[in-house]
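Before any comments, here is the structure.
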Amino acid sequence: MTKNLRVKSSEYIDETNRISFKFNGKTYHGFKGDTLASALLANNVHLVGRSFKYHRPRGIMTSGSEEPNAIVQINPGTNRTEPNVRATEVEIYEGLEASSQNCWPSVEFDIGGINNFLSPFFPAGFYYKTFMWPASFWKKYEFFIRHSAGLGKSPTSRDPDIYDHRNIHCDVLVVGAGISGILAAKNAAKNNFKTLLVDEKNELGGSTIYENSEFNKINNKVPSEWLNKEIEELKDIKNLEIKTRTSVAAYHQYNYLLARENLTDHLEAKDKTNKIRQRLLKIRAKKVILATGALERPLIFNNNDRPGIMLSSAVKKYSEFYGVVCGSRNVFFTNNDSAYESALSLYNKGINVEAIIDIREHSGSKIVKKVKETGIKIYWSHSVVDTAGYKRLNSVSIMKLSNDGTSVTGGKISISCDCLGVAGGWTPAVHLYTQSGSKLKFDEEKKVFIPNQNTSEQISVGSCGGDFKIDEIIKNLNHKLKDTLNIEETDLDNIKVEIDQENSKRNIWLLPSDKPLGKTKPFVDYQNDATANDIKLALREGFRSIEHVKRYTTTGMGTDQGKLGNMHALGIIADTAGVKMGELGTTTFRPPYTPLTFGTIVGRNVGKFFDIFRRTPMNDWHVGNKAEFENVGQWKRAWYYPVNGETMHQAVQRESKAARESAGILDASTLGKIDIQGSDASEFLNRVYTNAWSKLAIGKCRYGLMLNEDGMVYDDGVTTRLGENHYLMTTTTGGAANVLSKLEDYLQTEWPELDVYLTSVTDHYATVSLCGPNSKKILKKIIPDLDLSDGNFPHMSFKEANIGNIQCRIMRISFTGEHSYEINVHAGYGKDLWEKCIEAGKEFNITPYGTETMHLLRAEKGFIIVGQDTDGTMTPIDLQMNWIVSKKKYDFIGKRSLYRSDTMKEDRKQLVGLLTDDPSIVLEEGAQIVSDLNQSPIEMLGHVTSSYFSPNLNKSIALAVVRGGKDMMGKKLFVPMENKNINVTVANPIFYDEKNERLNA
Amino acid sequence: MFLINCPYCGERDQQEFKAGGEAHIERPKQPTELSDDEWAEYLFMRKNIKGVQFERWNHTHGCRKWFNMVRDTSNDEIKAIYKMGEKPPTR
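Residue numbers (the working numbering), protein chains in the order written: chain H, 1135 to 2135; chain F, 77 to 167.
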């Protein structure tokens, strides 16, 4: 039987709009404007979850994003389910379902609750200490630990929602739309600053918007009334953009902030479709005004975690803002005046307040006098020593506090109650401030960390800056605004504030009980079940750094990041270790302030947009001809073209044979192409390649090898001299961008005197590679006018020609060892050219081949692939390519490194060929090579870099790097595999046509 | 995320740039004259300062120009930016 605890109509709750929702399978009703938390409380549901470690029943503690206990699973079992959501932040809508987490079978009866009785056996560091040995048992432990780890359940199906990113630039960003934020934004915008005001809630106004106390007046009005008018005026201000439901998650250097804007989470399922759910705002602000407010602190006492124990400010907000009372017999427990405001709020609505327990000796403020007049019993110098009630608080026990606050004396009084509002003072929300790199200092009087040294243009105003009273807030806000915006006057000059609040506070981090500490449960971190005992244990065990204590006890490591209890943890450490809070410092506040969904982080970069990819102009043909593709860098390259259900092996064998026997055709468009021009172009190539370039005739091509300054092979490719001062360089597909960057670097920084211009033209040209003994005949059919004789157009030369109206550049170069041509045309004609070649080649059985066959054919010739046969530790000498290293040139990139003692060692790994003694066995690429199987430990000489079954040689071939390999020709080695040893022989890496006769076939 | 004032383009977001290591390490004009140790000094040895450091940066997703930056690595404050070939500011 639920009863409705709605006490008054609130202007923020639309009682004409009744909403039904389900919690743990049961249907409840709330109103438009309710959060899940306020609606549950209105239905007298306090028990909403179980704690992480001890599975203790937990209720709603707060009314905001700092909530540690009431974290729920939203829409369980659906593809929109979301774990670990704070019930205090969920706006209810028709059809919302939510359930408790970390309990089985139900939140009412949770088997895991047994942990609570076993809790003496689960001290801080329990897992570290217990599951250490025997080491072999870890696999068994792991299963159970994983099973009990985590709170909610991740969705298992695809997220149906859309997410988005947006960049925002503004003059002034104001974070938090409480009284300070509103006034700051208003004055910034009025002074022509382009201003953005964001707040995580759906309503502006912060806590002042429900501040209806008669004791505080702004311009002779109740604060809420006055602020409402200010908010009304915001609508007409230009230059001001307001975003609600927008939570700043991170504040990085140079005023770069990330915020999550929630767009559809408060809507019914039918209204969510085809809309952006959440948007990540990437904000770059010239100035940032932090007005993030303050979080009320709890008090740390024995059994301070029962459902029904809440922050006093939350009790007030539920009553004033949502019109919900949290209990029928209320008690407050406080160390300052703010609990009296909450008590009066309830009293004025006719709700029973049983007592206020105040650890101070007295307070003389008007509000306390007013409470006294109401007849509410106040216990001065008393502390709560215990509470009772398993699933809901039913009483508190109080005792007199000793003068020094370290013990309790006298008789125990029990007060029956179902709600305890605790007020431990206020902690400025400095999380974002410190994320920006700015530094805090400890204010000994207020017992808070406040902003001290700013690293960027920013100010902290209102209670996040350490001002808690409205008059202080307005006064300090005014001069900070004038200072930071550089303005003479503001609206705030004319605001009159009357207040009656006292700052008097008695701060005791850990309140004593009549029982010894070890027998009590004073929770510091509610979500992770870390108690004051755990912290003290950590100190006894020798932990000193606050960062270490945090990790050992898990204090502050839950999804709430310890927003409530961190200050107490610091206080208890300081008290116990006898150091000052200011010296102790704080743990690091890291982004995000509140959890972000993965969807928000990735935005639209999902599926095919996850990473960009590039397709060649001939891509459609490859797709139409059922090619399989492989990723090469960002490119999608045709890998092989299976016909009639061939396997990859079968297709590659067929393609390889055809390319050597008649004709093959390859899409080589992805090769990097850099256009090099300028009067020093030849000199430039001399400096970047190992070989000489000055004497290369116009119209000729040359293969070049590029090193890093450390002498290691970096890239290779053929470069063609198109004119006196004009070259076209080709690079590897994957290396194109890096090669261009490297060349630009040298030109700009080391050799600015060279007259050289580099332009990437990779995407401008499509390249068709025709190869095989019939390639010449095919080209002749396409370009009948071109003289293809070896005399006119020899190997390693270049011609310009036209195919119809299409200009093309043709290089007679070969990566397969066959007679072949690379035809380059404007990318737009790529597919057309390809189809022409296929058509012309039909009578020669022209066979399209992909990258796999290309790799096989070049391996038969012993041509290296940079990045496959090299790994950044291979010099040209290691590759046995001494022929390409110019001895005459004074210098080129990497030359000096080839004469370092290390690169000159004889026993470096060198590239060799490998043949298996059984020619049918194909080695695995990456397999290790050894010479002595009986050694222990066995010495690894090197590894296989490329390995194929060659259909043209009808045997297996491999390239490998082997220590001292160049002197091992003919030597027998072994490739040990999991269940056999393969016998191999070191061979010449050129397996096919060693004399290069086929180039001119 | 830095806001970097490219000397050619103006203020741009850090994601347009790439850091290129320590600045003012000139490639020796006559490498062959150097001993292994001297060459190794140029090739491998880099400072890693906590504090004010001179660095090379490249506006890769912009004008593609290289320039120099003086940055305090302890708080990421950018103290100066100047073009390649220009004299570094004195502290």
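A virtual CB, placed ideally from N, CA and C, is assigned to each residue, including glycine.
If you look at L79 (chain F), you'll find it in the beta strand (DSSP E) that goes L79 to C82. By the rule that beta-carbons nearer than 8 Å mark a contact, N151 (chain F) touches chain H. The segment 1520–1535 of chain H makes no contact with the segment 1397–1414 of chain H; the number of CB pairs closer than 8 Å stays below 3.
Listed along chain H is no residue with a C-beta nearer than 8 Å to that of P83 (chain F); the closest approach is about 12 Å.
The beta carbon of E1337 (chain H) sits closer than 8 Å to those of Y1146, I1343 and T1378, all from its chain and outside the five residues before and after it, given in chain order. For the segment 129–142 of chain F, the residues whose beta carbon sits under 8 Å from a beta carbon of chain H are, in order, R132, N134, T136, R140, K141 and W142. Non-local C-beta neighbours of A1425 (chain H) in its own chain, meaning closer than 7 Å and more than five positions away in sequence, comprise V1308, V1309, G1310, G1312, S1314, G1315, A1318, V1595, G1596 and C1598, ordered along the chain. For the segment 2033–2055 of chain H, the residues whose beta carbon sits under 7 Å from a beta carbon of chain F are, in order, R2034 and S2035.
Taking C-beta atoms as the reference points, P1656 (chain H) and G1600 (chain H) fail to come closer than 8 Å. Under the DSSP definition of a beta bridge, H1516 (chain H) partners with H:K1534.
In the structure shown, D2051 (chain H) adopts coil according to DSSP, grouped into three states. Taking CB atoms only, G161 (chain F) has a neighbour in chain H less than 8 Å away. The beta carbon of V1502 (chain H) sits closer than 7 Å to the beta carbons of D1471 and Y1474 from its chain, once the five residues preceding and following it are set aside; these are given in chain order. Rounded to the nearest whole angstrom, the CA to CA distance from I1680 (chain H) to L1566 (chain H) is 20 Å. Between I1443 (chain H) and I1491 (chain H), the CB-CB gap reaches or exceeds 8 Å. Residue burial annotation: Y1861 (chain H) is buried, with at least 16 other C-beta atoms found within 10 angstroms of its C-beta. Around the C-beta of A1993 (chain H), 16 or more other C-beta atoms lie within 10 Å, and the residue is accordingly described as buried.
One Cα belongs to E1334 (chain H), the other to G1692 (chain H), and the distance between them is close to 20 Å. Contact between the segment 1860–1877 of chain H and the segment 1763–1778 of chain H is present, with at least three C-beta pairs closer than 8 Å. At a cut-off of 8 Å between beta-carbon atoms, T1883 (chain H) makes contact with chain F. When H:V2095, H:I1912, H:K2105 and H:N1842 are compared, the shortest CA-CA separation from L2032 (chain H) is found for H:N1842. Shown here for D1754 (chain H): same chain residues with a beta carbon closer than 7 Å to its own, the five before and five after excluded, namely K1965 in chain order. Assigned with DSSP and collapsed to three states, T1589 (chain H) falls in coil, not helix or strand.
Under the 8 Å criterion on CB atoms, F78 (chain F) is classed as interfacial with respect to chain H. Note on S1476 (chain H): 16 or more other CB atoms within 10 angstroms of its CB, so buried under the neighbour-count rule. The beta carbons of T2119 (chain H) and K2100 (chain H) sit no closer together than 8 Å. The alpha-carbon separation between K1263 (chain H) and K1363 (chain H) amounts to approximately 59 Å. Judged by DSSP in its simplified three-state form, N1628 (chain H) adopts helix. As a beta-bridge residue in DSSP terms, D1244 (chain H) pairs with H:P1239.
For the alpha helix (DSSP H) assignment, the uninterrupted runs of no fewer than 4 residues enclosed by the segment 1905–1947 of chain H are, from N- to C-terminal side, 1909–1916.
Check the Cα spacing between S1790 (chain H) and each of H:N1301, H:V1306, H:F1949 and H:G2006: the tightest is with H:F1949. Contact residues of the segment 1385–1409 of chain H toward chain F are H1386, Q1387, Y1388 and Y1390 (C-beta to C-beta distance below 7 Å).
Going by DSSP, T1508 (chain H) is part of the alpha helix (DSSP H) stretching over K1500 to T1508. Annotated three-state conformation of M2103 (chain H) is coil, per DSSP. Relative to N1628 (chain H), the option among H:K1320, H:I1608 and H:L1615 whose CA is nearest is H:I1608. When DSSP states are grouped into helix, strand and coil, D1293 (chain H) belongs to the coil group.
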